[in-house]
Amino acid sequence: MTDPFLDSVPEDPQRTRSPERSNETAQENEIELGALWQGVRRQLPWIALVTALTSSAAFLWSRAQPDVFEASSSLVTTGNSSNIGAINSVVTAAPLPEGALQEAMRGPVVLGEIITRVKKESALPAELRTALAEDLQQELRRRDVTTVSLQNQLDFNGNGIYTVSARAGTPEAATFLADLTAQSLLNWDRGRALSGVQRAERSLRAQLTEVDRQLAEGRQSDLERQTLIASRATLQRSLAQTGIQAEGVSGSLELVAPAVLPLDRVAPKPTRNAVLVGLLTLLLGTGIAALRTVTDRTARTEDDLLGFGLPTLGMIPRLRRREVVFNGIVRAARLAGLYEAIGFLRVNILSRIGNKPGQRVMISSTAPGEGKSSLTATLADGLAASGQRVLIIDADMRRGTQQEVWDKYETQHEWVQLTGQNGARTLAEALKDPHNVQVMEAEPGVHVLPAGPGMHDSLSLLNRAPLGEYLTHWGQGYDLILIDSPPLLALADGLVIGRHVDYVLLVVEEGRTSLQAIRQSLRRARNANVNVLGFIMNKVNPSGQDGKTYSYGYVPRESKG
Numbered sequence: 001m002t003d004p005f006l007d008s009v010p011e012d013p014q015r016t017r018s019p020e021r022s023n024e025t026a027q028e029n030e031i032e033l034g035a036l037w038q039g040v041r042r043q044l045p046w047i048a049l050v051t052a053l054t055s056s057a058a059f060l061w062s063r064a065q066p067d068v069f070e071a072s073s074s075l076v077t078t079g080n081s082s083n084i085g086a087i088n089s090v091v092t093a094a095p096l097p098e099g100a101l102q103e104a105m106r107g108p109v110v111l112g113e114i115i116t117r118v119k120k121e122s123a124l125p126a127e128l129r130t131a132l133a134e135d136l137q138q139e140l141r142r143r144d145v146t147t148v149s150l151q152n153q154l155d156f157n158g159n160g161i162y163t164v165s166a167r168a169g170t171p172e173a174a175t176f177l178a179d180l181t182a183q184s185l186l187n188w189d190r191g192r193a194l195s196g197v198q199r200a201e202r203s204l205r206a207q208l209t210e211v212d213r214q215l216a217e218g219r220q221s222d223l224e225r226q227t228l229i230a231s232r233a234t235l236q237r238s239l240a241q242t243g244i245q246a247e248g249v250s251g252s253l254e255l256v257a258p259a260v261l262p263l264d265r266v267a268p269k270p271t272r273n274a275v276l277v278g279l280l281t282l283l284l285g286t287g288i289a290a291l292r293t294v295t296d297r298t299a300r301t302e303d304d305l306l307g308f309g310l311p312t313l314g315m316i317p318r319l320r321r322r323e324v325v326f327n328g329i330v331r332a333a334r335l336a337g338l339y340e341a342i343g344f345l346r347v348n349i350l351s352r353i354g355n356k357p358g359q360r361v362m363i364s365s366t367a368p369g370e371g372k373s374s375l376t377a378t379l380a381d382g383l384a385a386s387g388q389r390v391l392i393i394d395a396d397m398r399r400g401t402q403q404e405v406w407d408k409y410e411t412q413h414e415w416v417q418l419t420g421q422n423g424a425r426t427l428a429e430a431l432k433d434p435h436n437v438q439v440m441e442a443e444p445g446v447h448v449l450p451a452g453p454g455m456h457d458s459l460s461l462l463n464r465a466p467l468g469e470y471l472t473h474w475g476q477g478y479d480l481i482l483i484d485s486p487p488l489l490a491l492a493d494g495l496v497i498g499r500h501v502d503y504v505l506l507v508v509e510e511g512r513t514s515l516q517a518i519r520q521s522l523r524r525a526r527n528a529n530v531n532v533l534g535f536i537m538n539k540v541n542p543s544g545q546d547g548k549t550y551s552y553g554y555v556p557r558e559s560k561g
């Protein structure tokens with residue numbers, strides 16, 4: 001059997017948005033700085049813990065790395081050069097174009113010479129020589145040299161300083177490698193100038209050979225022969241001058257300052273690395289927490305519920321699961337000292353509904369697991385403690401839990417006659433025989449009508465029964481009737497029951513119930529003419545509410561003497 005009410009609640013996602021829905025959407029998209037800070041602050045313990053762990057790991061990892069020392073030597077370059085064809089005692093290489101020296105150092109000529117010299121250096125330990133040579137060989141193959149490096153400070157004319165730096169595992173090795181690299185660059189630069197002289201020498205020798213060949217043939221006239229002899233003498237003089245120039249050839253680079261033995265290592269730096277990793281982790285963690293807060297659409301504070309236009313009647317703190325498992329929710333609430341929280345909730349409810357006896361209050365939620373059944377039991381216990389008689393009706397006939405909640409409090413219960421003689425002891429049976437009903441005495445002042453075994457056709461049973469008449473009949477002699485209903489978004493049962501009660505309280509679990517689910521529940525309740533009195537925020541973390549929750553630790557002062 002279908003509920004005719006369900007046909008009157010269409011929800012077409014394509015229909016035109018009303019101004020009210022537009023306002024709801026705008027409120028949903030608003031992110032306040034205060035809420036953003038609250039979201040980040042909730043994650044601060046985890047952020048601090050992860051930051052401490054990553055910083056410690058970075059520190060320990062850095063400490064485990066081998067020491068690295070760096071030494072530097074300096075070369076100077078000038079733009080002065082001379083033509084190799086001129087008669088000079090010194091031939092200087094042409095100025096280097098920008099970037100040429102860096103490319104040379106990464107090439108096989110310079111780096112190959114460095115590798116060869118490193119392998120032969122007896123002053124270094126054999127293990128260190130092998131490691132350095134292998135590292136340099138790998139860098140040569142990758143064309144990515146990091147063991148030795150070169151920086152320059154040049155002017156527009158190409159004159160300036162080149163700084164050669166080298167890194168190694170000991171100060172002596174770093175100094176040797178820096179000086180060796182500088183010397184290899186000087187040798188390469190001198191080789192540039194020498195190659196020009198050698199080309200000139202080869203050209204002169206070729207010309208001299210040709211003149212000798214012509215003279216050997218002897219076919220020339222006297223004038224031609226005298227000319228060849230004179231040319232031969234000139235070529236011999238030029239060849240002699242070229243040999244002299246080869247002895248005095250010079251590159252464009254000169255050594256300014258050899259490397260000095262370093263005193264301190266340049267790596268690793270555990271403290272610096274730990275601080276940098278810690279700062280990066282802190283920034284990353286804060287960013288993730290802020291992003292989660294921005295994308296979080298759950299109710300976390302009372303302020304999140306203000307936009308729905310209904311009051312928050314109570315904020316009930318979260319209990320330890322261990323205490324609930326061993327003692328039951330009612331006794332655990334007493335042991336945890338929730339009198340203030342339940343007391344505020346009781347006062348807020350009664351101040352709004354008045355003292356008229358027999359009023360019916362339904363307690364529901366948006367989804368299962370948000371604590372509505374436990375809250376119903378603890379509220380009934382608080383009302384009974386103030387001298388009121390309360391009837392709890394477990395109307396969740398699919399998954400009723402009131403029987404289980406009170407069995408944890410007291411295993412043996414007495415059954416009292418609610419109406420008639422003997423009769424039904426569950427709501428499912430009571431709806432079929434409403435004039436003969438028994439209820440369980442959970443504690444003095446609290447009677448419970450359990451839901452009974454789970455059933456699938458609970459909606460048809462509720463639709464057939466004149467529920468309002470039954471509740472009026474059963475509520476005689478009670479100050480308040482608390483009805484534990486199914487979640488509003490899970491089943492239509494709650495909306496059917498809600499039309500026969502005076503007020504509805506919606507339980508919201510902190511950090512779990514989504515604002516969209518609350519909005520949808522209120523829309524369905526409004527369309528069904530169900531009177532929602534307000535919210536109860538359940539399972540609240542007191543430390544995360546910025547001092548806005550009740551003073552659970554405000555205990556009486558002990559007398560002295």
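Under UniProt numbering, the first residue of the sequence shown is numbered 1, with each subsequent residue one higher.
The beta-carbon is built from N, C-alpha and C at its ideal position, and this holds for glycine as well.
Closest option to residue 228, judged by alpha-carbon separation, among 214, 241, 328, 291: 214. Partner residues in the beta bridge of residue 532, as assigned by DSSP, are 504. According to DSSP, residue pairing for residue 168 in a beta bridge involves 69. Per DSSP, residue 450 lies in no beta strand (DSSP E) segment and is marked neither H nor E. As the crow flies, the alpha-carbon of residue 356 is around 10 Å from that of residue 478. The Cβ atoms of residue 343 and residue 382 lie closer than 8 Å to each other. A residue is called buried when at least 16 other Cβ atoms come within 10 angstroms of its Cβ; residue 435 does not meet this threshold and is exposed. The continuous beta strand (DSSP E) containing residue 364 extends over residues 359 to 365. Residue 474 sits buried, since 16 or more C-beta atoms from the chains shown fall within 10 Å of its C-beta. By the Cβ rule, the stretch 366 to 383 counts as touching the stretch 505 to 518, because three or more pairs are nearer than 8 Å. From the listed residues 364, 278, 260, 241, the smallest Cα separation to residue 484 is found for 364.
Taking the C-beta atoms as reference points, residue 147 is found no nearer than 8 Å to residue 74. The criterion of a C-beta distance shorter than 8 Å is not satisfied by residue 199 and residue 145. Taken in chain order, the whole beta strand (DSSP E) runs of length 3 or more contained in the stretch 437 to 503 are 437 to 443, 446 to 449, 480 to 484. Contact check between the stretch 390 to 403 and the stretch 311 to 323: fewer than three CB pairs, one atom from each, fall below 8 Å, which does not count as touching.
The C-beta distance from residue 538 to residue 370 rounds to 6 Å, short enough to fall under 8 Å. Distance from residue 462 to residue 433 at the Cβ level is roughly 16 Å; contact not present, criterion being Cβ atoms closer than 8 Å.
Cβ neighbours of residue 426 within its own chain (closer than 6 Å, five residues either side excluded): 450, 452.
Residue range 312 to 317 is occupied by the beta strand (DSSP E) that includes residue 317. Linking residue 139 to residue 46 through their CA atoms gives a straight-line distance of about 42 Å.
Contact annotation: residue 386 and residue 334 have beta-carbon atoms that are not nearer than 8 Å.
Straight-line measurement puts the Cα of residue 330 at about 25 Å from the Cα of residue 354.
Between residue 95 and the set 38, 125, 251, the nearest pair of CA atoms involves 251.
For residue 55, no beta strand (DSSP E) run applies; the uninterrupted alpha helix (DSSP H) run containing it begins and ends at 44 to 64, by DSSP. Note on geometry: alpha-carbon atoms of residue 486 and residue 360 lie some 16 Å from one another.
DSSP lists 440 as the beta-bridge partner residues of residue 415.
The count of Cβ pairs closer than 8 Å, one atom from the stretch 103 to 120 and one from the stretch 177 to 185, reaches three, so the stretches are in contact. Within the DSSP bridge table, the entry for residue 162 names 75, 152 as partners. Spanning the alpha carbons of residue 293 and residue 40 requires a straight line of approximately 7 Å. Non-local C-beta neighbours of residue 72 in its own chain, meaning closer than 7 Å and more than five positions away in sequence, comprise 163, 164, 165, 178, 259, ordered along the chain.
Counting along the chain, the unbroken alpha helix (DSSP H) around residue 380 starts and ends at 372 to 385. According to DSSP, residue 424 shares a beta bridge with 437.
Relative to residue 53, the option among 285, 243, 490, 438 whose CA is nearest is 285. Take residue 261, set aside five residues on each side of it, and the residues of its chain with a beta-carbon closer than 6 Å to its own are 171, 175, in chain order. In terms of Cα proximity to residue 379, the closest of 407, 540, 338, 470 is 338. Look at residue 269 here: in three-state DSSP terms it is coil, with no helix or strand label.
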